[in-house]
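Number of protein chains: 2
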Amino acid sequence: MSVTIRDVARAAGVSTATAARALGGYGHASPAARRKVSESARQLGYRPNVVARALVSRATTTVGLVVGDIENPFFAAAARGLADVMDAHGYTVLLANADEDAGRERRAVDALRARQVDGMVVVPAPGASPEHLTELVTAGVPLVLLDRAVVGVAADSVLVRNVAGARAAVAHLAGLGHRRIGVVSDSPDITSSAERIQGYRQALRAAGIAPEPGLISIGGPTRDDGEAAALRLLDRPDRPTAVFTANNFMTVGALRAARSLALRIPEDVALVGFDDLDWTTLVQPPVTVVRQPVADLGRVAGERLLRRLEGDAGPPKRIRLDANLIVRGSCGAGA
Amino acid sequence: MSVTIRDVARAAGVSTATAARALGGYGHASPAARRKVSESARQLGYRPNVVARALVSRATTTVGLVVGDIENPFFAAAARGLADVMDAHGYTVLLANADEDAGRERRAVDALRARQVDGMVVVPAPGASPEHLTELVTAGVPLVLLDRAVVGVAADSVLVRNVAGARAAVAHLAGLGHRRIGVVSDSPDITSSAERIQGYRQALRAAGIAPEPGLISIGGPTRDDGEAAALRLLDRPDRPTAVFTANNFMTVGALRAARSLALRIPEDVALVGFDDLDWTTLVQPPVTVVRQPVADLGRVAGERLLRRLEGDAGPPKRIRLDANLIVRGSCGAGA
DNA sequence: GTGAAAGCGCTAACAC
DNA sequence: GTGTTAGCGCTTTCAC
Chain A
1 MSVTIRDVAR
11 AAGVSTATAA
21 RALGGYGHAS
31 PAARRKVSES
41 ARQLGYRPNV
51 VARALVSRAT
61 TTVGLVVGDI
71 ENPFFAAAAR
81 GLADVMDAHG
91 YTVLLANADE
101 DAGRERRAVD
111 ALRARQVDGM
121 VVVPAPGASP
131 EHLTELVTAG
141 VPLVLLDRAV
151 VGVAADSVLV
161 RNVAGARAAV
171 AHLAGLGHRR
181 IGVVSDSPDI
191 TSSAERIQGY
201 RQALRAAGIA
211 PEPGLISIGG
221 PTRDDGEAAA
231 LRLLDRPDRP
241 TAVFTANNFM
251 TVGALRAARS
261 LALRIPEDVA
271 LVGFDDLDWT
281 TLVQPPVTVV
291 RQPVADLGRV
301 AGERLLRRLE
311 GDAGPPKRIR
321 LDANLIVRGS
331 CGAGA
Chain B
336 MSVTIRDVAR
346 AAGVSTATAA
356 RALGGYGHAS
366 PAARRKVSES
376 ARQLGYRPNV
386 VARALVSRAT
396 TTVGLVVGDI
406 ENPFFAAAAR
416 GLADVMDAHG
426 YTVLLANADE
436 DAGRERRAVD
446 ALRARQVDGM
456 VVVPAPGASP
466 EHLTELVTAG
476 VPLVLLDRAV
486 VGVAADSVLV
496 RNVAGARAAV
506 AHLAGLGHRR
516 IGVVSDSPDI
526 TSSAERIQGY
536 RQALRAAGIA
546 PEPGLISIGG
556 PTRDDGEAAA
566 LRLLDRPDRP
576 TAVFTANNFM
586 TVGALRAARS
596 LALRIPEDVA
606 LVGFDDLDWT
616 TLVQPPVTVV
626 RQPVADLGRV
636 AGERLLRRLE
646 GDAGPPKRIR
656 LDANLIVRGS
666 CGAGA
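In order, the protein sequences belong to chains A and B. For what it's worth, this note's numbering labels the leading residue of the first sequence as 1, then goes sequentially. For what it's worth, this note's numbering labels the leading residue of the second sequence as 336, then goes sequentially.
1. Output the distance between the C-alpha atoms of A323 (chain A) and G273 (chain A), rounded to the nearest integer angstrom.
2. Grab me the residues of G487 (chain B)'s own chain with a C-beta within less than 8 Å of its C-beta, minus the 5 sequence neighbours each way, in chain order.
3. Output the boundary residues of the beta strand (DSSP E) element that contains L481 (chain B).
4. Taking the alpha helix (DSSP H) that D521 (chain B) falls in, what are its first and last residues?
5. Hey, how far is the Cα of Q533 (chain B) from the Cα of A490 (chain B)?
6. Taking three-plus beta-carbon pairs below 8 Å as touching, is the stretch 39-52 of chain A in contact with the stretch 11-20 of chain A?
7. Using DSSP bridges, identify the partner residues of M455 (chain B).
8. List the residues of chain B that L255 (chain A) touches, going by C-beta distances under 7 Å, in chain order.
9. State the DSSP-derived secondary structure class of S492 (chain B), mapped to helix, strand or coil.
10. Which word fits P366 (chain B), buried or exposed, when buried means at least 16 other C-beta atoms lie within 10 angstroms of its C-beta?
11. Buried or exposed: T427 (chain B), going by 16 or more other Cβ atoms within 10 Å of its Cβ?
12. Could you check where the beta strand (DSSP E) with R653 (chain B) kicks off and where it finishes?
13. Of all the CB atoms in chain A, is at least one closer than 7 Å to the CB of L390 (chain B)?
14. Assuming I340 (chain B) contacts S492 (chain B) under a Cβ cut-off of 8 Å, what Cβ separation, rounded to an integer in Å, is found between them?
15. Mark P548 (chain B) as exposed unless 16 or more other C-beta atoms lie within 10 angstroms of its C-beta, in which case mark it buried.
16. Rounded to whole angstroms, what is the Cα-Cα separation between R369 (chain B) and N49 (chain A)?
17. Only counting the same chain, and skipping five residues up and downstream in sequence, which positions put a Cβ closer than 6 Å to that of S192 (chain A)?
18. May I ask you to report which of helix, strand or coil DSSP gives G608 (chain B)?
19. G24 (chain A) by DSSP, collapsed to three states: which one?
20. For S2 (chain A), go through chain B and note every residue whose CB falls closer than 8 Å to its CB, in chain order.
21. Run the CB neighbour count on Q627 (chain B), radius 10 Å, all protein chains shown included, and call it buried at 16 or more, exposed below.
22. Using CA coordinates, which residue listed in B:A501, B:G500, B:V495, B:A449 is at the minimum distance from V476 (chain B)?
23. With a cut-off of 8 Å on the beta carbons, I'd call G219 (chain A) and D186 (chain A) a contact; round off their distance for me.
24. Could you name each continuous alpha helix (DSSP H) segment of 4 residues or more that falls completely within the stretch 568-637 of chain B, going from the start of the chain to the end?
25. So, is the C-beta of Q627 (chain B) closer than 7 Å to a C-beta in chain A?
26. Buried or exposed: where does T473 (chain B) fall if 16 or more other Cβ atoms within 10 Å of its Cβ makes it buried?
27. Does the contact criterion of 3 or more C-beta pairs under 8 Å hold for the stretch 239-250 of chain A versus the stretch 570-585 of chain B?
28. May I ask you to verify whether the stretch 435-444 of chain B touches the stretch 452-463 of chain B, counting CB pairs closer than 8 Å and requiring at least 3?
29. Which parts of the stretch 33-119 of chain A are runs of the alpha helix (DSSP H), unbroken and 4 residues or longer, counting only runs that do not cross its ends?
30. Say whether the stretch 624-644 of chain B touches the stretch 404-424 of chain B, bearing in mind that this needs 3 or more beta-carbon pairs closer than 8 Å, one atom from each stretch.
31. Could you check which residue in A:A108, A:V121, A:I326, A:A270 has the C-alpha nearest to that of V183 (chain A)?
32. Any C-beta of chain B sitting closer than 7 Å to the C-beta of L94 (chain A)?
33. In the DSSP assignment, the beta strand (DSSP E) including I544 (chain B) goes from what residue to what residue?
34. For a test of the three-state rule: what should DSSP assign to I190 (chain A), helix, strand or coil?
35. Quick one: Cα of A411 (chain B) to Cα of D7 (chain A), how far?
36. For T280 (chain A) versus V287 (chain A), is the C-beta distance shorter than 7 Å?
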């Protein structure tokens with residue numbers, strides 16, 4: 001069995017209460033006692049049992065993070081940003097993968113709750129009925145929604161200005177003279193996707209272009225789904241002259257689809273993607289993208305959560321971070 | 336306060352012991368009691384407190400994972416593989432980022448231990464004196480080393496056949512007629528890197544090529560470090576005609592370096608990388624790589640850990656997974 | 001300033 | 001089959 005606070009107390013010749021006070025740095029303890037306690041703690045190799053502490057203090061200094069897919073670089077970066085902030089404040093992040101599936105998300109949230117996390121950050125899966133999230137909120141567990149909003153959940157959210165970002169992307173394409181502009185997105189059940197499609201529509205309207213339902217191609221949440229959706233769009237006899245891909249998996253998919261159809265970019269089809277990755281400047285032509293502040297997203301979510309953990313009981317905040325168009329070659333604008 | 340097992344027991348008109356047995360599915364309980372208990376549990380919205388359970392059962396059904404950088408797709412895939420296996424067995428994965436730093440790794444391991452994880456998977460950081468790992472082992476916490484071995488730590492390890500993989504890559508280059516072959520790697524303090532460099536050396540020797548120290552360029556653990564190291568190598572007046580990059584960050588770095596020096600691939604410099612990513616087929620020419628079984632690495636580590644968690648007390652196992660050369664265009668072999 | 005003692009929510013002997 | 005009871009390791013009144 002490992003060393004407990006009783007062992008330390010005994011070795012230091014004090015009570016467990018004094019040992020706890022000395023070690024915890026709270027309450028009163030004489031300098032002498034302090035010294036003796038920390039000395040024997042060191043000697044015995046005492047390590048506090050956070051689980052036992054959590055049982056009484058009702059705080060685990062652990063927070064949960066539920067993402068759709070940690071293999072998506074977007075989530076990986078956000079997770080990193082969150083972990084950095086939380087680590088710096090003594091919290092540990094429990095990570096769960098929901099696989100973009102409502103059922104798995106529910107189970108992940110439950111598993112995290114059972115472990116008494118002090119708070120949670122979740123990237124809601126598409127089609128999730130948000131009961132498990134409202135339950136969290138009513139149970140008083142601080143919750144921050146990341147990247148996607150959920151109607152009916154009174155929680156903080158940290159999102160991207162998707163409408164503006166998408167609008168900038170599509171307006172850029174329209175400005176280059178394109179009239180037939182398609183979009184490849186995953187499910188609009190995800191608010192970020194819905195907003196990007198909305199931005200696409202706004203830009204078309206502003207350019208006086210009538211939207212064509214056939215130019216909107218919706219896929220699932222994986223790279224392969226992105227490729228299939230892009231293929232459907234680009235294989236049409238009346239294929240668009242330009243495509244906006246609403247997330248990085250869709251961008252990969254569009255690039256693959258273009259290649260398999262032997263379409264040149266930007267000559268045969270111009271491309272602007274949402275979300276920037278390190279390889280977007282490695283391909284030829286480099287990909288014009290709307291860059292999201294990925295790590296900031298996680299960091300800001302972490303800071304919001306920390307405020308709540310500190311007791312901030314204000315109304316839910318909705319924070320929006322900017323996404324900026326970076327013009328490179330794939331849109332045909334040179335660069 | 337939330338619903339406890341006492342509340343459930345009271346509502347069902349039984350003792351907490353019976354309620355626990357009924358809920359936990361262990362020990363004896365009459366069908367009638369079972370039904371009443373689960374009924375009132377449902378009605379009250381009872382959720383077991385895993386923290387309290389852990390305190391007495393000395394098992395948290397939680398395992399820790401410490402990686403160098405979750406933003407590295409290699410680790411993300413391994414993390415995913417591990418999480419999939421553990422989730423399927425009711426375990427939750429606590430993730431910690433060590434930033435490829437020995438100090439942060441130590442703190443991460445400590446934080447995880449304090450949370451009483453039942454086992455741990457760690458990707459050891461370079462230069463870490465392995466005390467915290469040996470401590471883990473002596474404390475009886477099952478440990479599986481992932482991707483990198485550590486001398487003096489009696490733990491299972493799941494590694495890649497790095498020597499053979501690297502040898503195949505470099506032999507391929509030599510077979511294509513290259514005599515001046517460079518390597519870009521991160522620190523050989525990491526056993527996987529050391530092994531890849533060793534494979535490189537073996538292949539040179541087998542091809543009758545004298546190794547030149549100047550053609551071995553060592554960088555740090557980030558993409559930028561990779562670029563700098565590649566730049567040093569490719570900017571030499573007597574630059575190599577072929578380069579082997581020992582991990583995916585180095586491959587990105589080499590590609591960037593080649594571009595900034597206006598070197599054509601494979602005409603001016605041929606390239607073979609270690610670790611395959613989705614964009615390697617998107618760049619022109621597509622990158623010849625040694626593909627690692629990334630998700631399997633995590634899965635196998637998870638299975639090994641599960642065996643230990645089930646009580647397997649056999650001697651440490653060292654498992655090696657194959658890495659295979661995939662010839663594409665960047666080596667100049669056509670494809 | 002310090003110690004005794006009462007739990008946090010749960011499990012596991014051990015009687016009955 | 002079921003209830004009683006004693007903790008798991010820690011924090012925290014409340015006396016002294």
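Every residue gets a Cβ at the ideal spot worked out from N, C-alpha and C, and that includes glycine.
Taking the structure as given:
1. 12 Å
2. P465, T469
3. 478-481
4. Run containing D521 (chain B): none in the alpha helix (DSSP H); it sits in the beta strand (DSSP E), 516-521.
5. 23 Å
6. yes
7. Partner(s): B:G399, B:L478.
8. Within chain B, the residues near L255 (chain A) are L617.
9. strand
10. exposed
11. buried
12. 653-656
13. yes
14. So it is not a contact: roughly 41 Å between Cβ atoms.
15. Only exposed fits P548 (chain B), as fewer than 16 other CB atoms lie within 10 angstroms of its CB.
16. 34 Å
17. D147, R148, N162
18. strand
19. helix
20. A474, listed in chain order.
21. Flag for Q627 (chain B) reads buried.
22. B:A449
23. About 6 Å separates the two Cβ atoms, so the contact holds.
24. 583-595
25. No, its Cβ sits nowhere closer than 7 Å to a Cβ of chain A.
26. exposed
27. no
28. Yes, the stretch 435-444 of chain B is in contact with the stretch 452-463 of chain B.
29. Counting only runs of 4 or more, we get 50-57, 73-88, 102-114.
30. yes
31. A:A270
32. yes
33. Here I544 (chain B) belongs to no beta strand (DSSP E), and DSSP marks it neither H nor E.
34. coil
35. In this structure, the straight-line span from the alpha carbon of A411 (chain B) to that of D7 (chain A) is close to 41 Å.
36. Yes, the pair counts as a contact, with Cβ atoms nearer than the cut-off.
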